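Quick notes on the structure that follows.
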């Protein structure tokens with residue numbers, strides 16, 4: 010709901026840390042959901058010998074490494090754990106063993122595969138839980154948009170083949186999924 014008196018819907022302490030803002034979006038409820046779905050999916054697949062039930066601490070370490078990979082890019086996933094190179098060494102091995110990371114990567118899951126499918130299946134069914142949580146619950150709970158909003162077209166960079174992905178050679182992001190967003194014109198905050 011757009012209002013003249015928009016802005017943050019939560020109090021911001023002056024000594025707030027970035028992790029406090031991150032926790033506004035990634036709540037304990039969401040972490041628990043991810044742990045439950047990942048464990049359920051791994052057990053349904055007949056987990057290999059190396060699988061240990063995922064805990065919230067494991068998942069948080071896993072996500073911290075994923076976010077770090079977005080900042081420090083290498084050509085190969087396993088390069089983050091190498092220790093033999095003098096010019097490029099990370100501390101990823103101190104956070105989580107490479108085998109543990111790769112097995113969580115393999116079984117990471119957001120949605121319940123055992124839920125009944127609709128007659129016209131949702132193409133985003135596997136991502137629907139995070140879309141619902143982040144957009145419908147978190148964005149709208151933590152911020153009230155100001156009155157001046159704009160409907161804008163966005164392109165989410167995505168090269169994997171999807172029935173609804175698009176290739177537009179004249180755009181800065183050539184491969185991706187086009188989505189529509191309700192954006193606040195003064196701050197750019199998106200409120201779907």
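Numbering (the numbering used here), first residue to last: 10 to 201.
In this text, a Cβ means the ideal position worked out from N, Cα and C, and glycines have one as well.
Bear in mind that the values here come from a model prediction, so they are computed numbers and not experimental data.
- For residue 185, DSSP records a beta bridge to 166 and 175.
- Residue pairing of residue 144 in beta bridges, as defined by DSSP: absent, with no partner found.
- Rounded to the nearest whole angstrom, the C-alpha separation of residue 150 and residue 132 is 26 angstroms.
- About 6 angstroms separates the CB atoms of residue 160 and residue 189; that is less than 8 angstroms, so the two are in contact.
- Residue burial is scored here from C-beta neighbours: residue 23 has fewer than 16 other C-beta atoms within 10 angstroms and is therefore classed as exposed.
- When 199, 191 and 99 are compared, the shortest CA-CA separation from residue 80 is found for 99.
- Counting along the chain, residue 198 sits inside no alpha helix (DSSP H), nor does DSSP assign it H or E at all.
- Going by DSSP, residue 122 is part of no alpha helix (DSSP H) at all; its letter is neither H nor E.
- Following the DSSP letters along the chain, one finds residue 67 inside the alpha helix (DSSP H) bounded by residues 65-80.
- Taken through DSSP and simplified to helix, strand or coil, residue 192 comes out as strand.
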